[in-house]
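Chemist: Count along the sequence shown from 1, add 322, and you get the number used in this note's numbering.
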Amino acid sequence: MAAAGLSEEERSGCTKLLSYMAESDLRLLFDTVTNKELAYQAPLPERAIQSPGVIVETSVEALGQHFCQWFFELLNSQNPSAGKMPQDWGPQHFWIDAKLNIVSSTTERHTEEYQGAGLVSQRLLGLARQERLLFSPNLGSHGLRVESSPHGLVLVAVAGTVHQDAMCLGIFEQAFGLIRSPVDSTWKIKFTSLQVRGPGFCDEAEVMSPTVTCDFNKLQALATL
């Protein structure tokens, strides 16, 4: 009776087929077959990074996309009009000296600045809980940009539309500086800059396809201030 398993020819064919699949598809396939979380057995490449929470990715682009999905789902859940159970928002997601800059252009231009994990966390929470804003990020090619520095800073910039109840108020662009914690290997927010533009400060084309326009050189400088 032949031994159970694949022949060498079958193994070779499967290996070739799997090599054409993206890592995300392989992870889904692994989870489906084994019903277990995929874990890396070999040492991770230098660019491999752990995004907020638990997921390990192998590129800064994947980190940026996962971070934005995580962050805005977390923030939006604090909005009573979202009809969702509020998730675990708090200063634990920020470095103790985190900075926040908000520039809102609606009827006029208004600027706010905050420093410290507690103050930054509370002000962002207020946008969702008190002002009832909902953020819808554009995670397409023009709406998301991610870069990393050799010193460990990862810059994530995302554009999207901002809403209040059932009304679209305009567009937003938010940039984040992320640094990995040496304690638990999670990524925390070192600084974030939020720009909101309402009618009169943006046109219909921008609302239909929000695009990242921020200067990454200036963002790099924010990490050293």
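A virtual CB, placed ideally from N, CA and C, is assigned to each residue, including glycine.
A quick note: this is a predicted structure, and the numbers were derived from the prediction, not measured.
Excluding five sequence neighbours on each side, which residues of the same chain lie with their C-beta closer than 8 Å to the C-beta of W417?
Modeler: A439, I501, K510, I511, K512
Chemist: Going by the CB atoms, is the gap between C524 and A497 shorter than 7 Å?
Modeler: no
Chemist: Using a 10 Å radius around the Cβ and a threshold of 16 neighbouring Cβ atoms, would you call L541 buried or exposed?
Modeler: Classification of L541: buried, given that the 10 Å Cβ count is 16 or more.
Chemist: So, at 8 Å on beta carbons, what are the nonlocal neighbours of P402 in its own chain, with the 5 sequence-adjacent residues on each side left out?
Modeler: Taken in chain order, the residues that qualify are R451, R454.
Chemist: Would you mind reading off the limits of the beta strand (DSSP E) that contains A485?
Modeler: The sequence given here places His at residue 485; Ala does not occur at that position. Segment 476-486, the beta strand (DSSP E) holding H485.
Chemist: Based on Cα-Cα distance, which residue from N398, R431, L447, M407 lies nearest to L422?
Modeler: L422 has its Cα closest to that of L447, out of N398, R431, L447, M407.
Chemist: DSSP state of R445, grouped into three classes?
Modeler: helix
Chemist: Alpha carbon to alpha carbon, how far is G499 from Q437? Give it in angstroms, no decimals.
Modeler: Rounded to the nearest whole angstrom, the CA to CA distance from Q437 to G499 is 14 Å.
Chemist: So what does DSSP say about W392, is it helix, strand or coil?
Modeler: In the structure shown, W392 sits in a helix (DSSP, three-state: H, G or I).
Chemist: What separation, rounded to the nearest whole angstrom, lies between the Cα atoms of Q409 and F389?
Modeler: Answer to the nearest angstrom: the Cα atoms are 15 Å apart.
Chemist: By the 10 Å Cβ neighbour count, where 16 or more other Cβ atoms means buried, how is V505 classified, buried or exposed?
Modeler: V505 comes out exposed.
Chemist: By DSSP, does R451 sit in helix, in strand, or in coil?
Modeler: helix
Chemist: Look at V480 and L491 and say whether their C-beta atoms are less than 7 Å apart.
Modeler: No, these two residues do not count as a Cβ contact at 7 Å.
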